[in-house]
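The sequence shown runs 243 to 464 under our numbering.
Cβ coordinates follow ideal geometry from the N, Cα and C atoms, glycine included.
Every value quoted in this text rests on a predicted model; they were computed, and no experiment measured them.
A short write-up of the structure that comes next.
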Amino acid sequence: MMFRKVLIAEDLGWNTRNIEEEVKRLGAQEVVVTEYCDDAYIKFLRALNDEDPFDLLISDLSFKEDHRTQKLKSGDELISAVRKYQKNLNIIVFSMEERLQRIRFLFEELKINAYVFKSRQSINHLSAALDAITNNKPYISHQVAKALEKRHSLDIEDYDFILLKKLSSGLSNKEVSDYFKEHDISPNGISSIEKRINRLRIQFKANNAVHLISNAKDLGLI
């Protein structure tokens, strides 16, 4: 394995031990474990300052809140922070997140290398992810990959994601129109929004707006 020094950000102890044992088994010489994103970030910066940077970050996305006040409250925020300093850092997300738009953002915007879905087989998938990254290939667990393939089979744009999210929040077509105008999102007329909703209903085989939101959630789009 090409990863000599590994940073793990995970707040479930039993899970962390399994990850740590696996990366050590595959050849990592130094593994640093943290339960908080802020601690992970501090250790990351210290390693950079010491000119002994990490080769790999493995991070969950969700961290339970407790008595400690944290500046970085999620794996997304941690990854975004470290990317500003180390563009070539290999990053594996290890999570139960199934929302496709969030996973898409991780790959396209935060440039993660792999996404491992937490399951009974997740350690095996972690090994596969490490192998893929070593060979300069991205990796995504098959459960999520199948969902992403289904998403790509739909003619869905970023505009549609925003529209579905606002509708799921309970906004009326008029309120969505006002929001789009305020944020310079086009088309933003009520009639255009209604036409887009009707098109989405056909695509998602939905009987009404409530059914549309339900189907979108089932696909992990919102």
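Would you identify the three-state DSSP class for residue 448, choosing helix, strand or coil?
It is coil, neither helix nor strand.
What's the gap between the Cα of residue 338 and the Cα of residue 320?
Rounded to the nearest angstrom, the two C-alpha atoms are 17 Å apart.
So residue 332 and residue 355 are in contact, right, with Cβ under 8 Å, and what is the actual spacing, rounded?
At roughly 5 Å, the Cβ-Cβ gap stays under 8 Å, so residue 332 and residue 355 are in contact.
Would you check if there are 3 or more beta carbon pairs closer than 8 Å linking the stretch 292 to 300 to the stretch 247 to 263?
A contact exists between the stretch 292 to 300 and the stretch 247 to 263.
From which residue to which residue does the beta strand (DSSP E) around residue 250 run?
Note, residue 250: beta strand (DSSP E), 247 to 251.
Identify the residues that DSSP records as bridge partners of residue 461: which are they?
Paired residues: none, contrary to the question.
Please list the terminal residues of the continuous alpha helix (DSSP H) segment that includes residue 270.
From DSSP, residue 270 is part of no alpha helix (DSSP H); its letter is neither H nor E.
If you run the structure through DSSP and keep just helix, strand and coil, what is residue 316?
It is a strand residue.
Taking C-beta to C-beta, are residue 464 and residue 406 nearer than 8 Å?
Yes; because the gap between Cβ atoms is below 8 Å, this pair is in contact.
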